[in-house]
Structures are given as C-alpha cells and as structure tokens.
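For the sequence shown, the residue numbers in my numbering are 6 to 65. Before any comments, here is the structure.
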Amino acid sequence: MAMAGGGKSKNSRTAVTTQKFFCSCGGEIQVKQLAQNGKMKTVAECEKCKRIERRPSDFL
Ligand SMILES: [Zn+2]
Numbered sequence: 006m007a008m009a010g011g012g013k014s015k016n017s018r019t020a021v022t023t024q025k026f027f028c029s030c031g032g033e034i035q036v037k038q039l040a041q042n043g044k045m046k047t048v049a050e051c052e053k054c055k056r057i058e059r060r061p062s063d064f065l
C-alpha cells in the first residue's frame, strides 16, 4: 500500500535570514547608523579594514 501524496502539510517557516556581507579583505561588514547633519545615515563598515560604503552590497 503506497502512501502517495501524503497528508502532511508542509511546515514552511518564514525564517528571518540575516544576510551577512563580507568585504574583499575577508572582514565582516557591520551596518551602522551615523548621525550626520541632524540626519540618521546608514553606512556599512568593514570591521577589519574599516572601509566604509553606503550599503553592504557595495562591498561586493
Ligand atoms: Zn575590509
């Protein structure tokens, strides 16, 4: 007797993927918020070489 199809409902979890970015030097990118001219500015900084870009994807 074959159990075709099955009755199990798929348990699809919506996992929060905290995506990590890495610099070309191998350091991990940290996203920071800086106050600049009264505004909050988000920057991405490599914790190893201290390179700063506007977005983590700019390191790629
Ligand atoms: Zn780096």
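Every residue, glycine too, gets a C-beta built ideally from N, C-alpha and C.
Would you say the beta carbon of K25 comes nearer than 7 Å to a heavy atom of ligand 1?
-> no
Taking 7 Å as the line, does the beta carbon of R59 fall inside it for any heavy atom of ligand 1?
-> Incorrect: R59 has no Cβ contact closer than 7 Å to ligand 1.
Might you give, ordered along the chain, the residues of its own chain that have their beta carbon closer than 7 Å to the beta carbon of C30, omitting 5 neighbours on each side?
-> Residues C51, K53, C54 of the same chain have their beta carbon placed closer than 7 Å to that of C30, with the five preceding and five following residues left out of the count.
Those runs of the beta strand (DSSP E) which lie wholly inside the region 32–62 and span at least 3 residues | Whole beta strand (DSSP E) segments, 3+ residues: 34–41, 44–51.
Please classify F64: does DSSP put it in a helix, a strand, or coil?
-> helix
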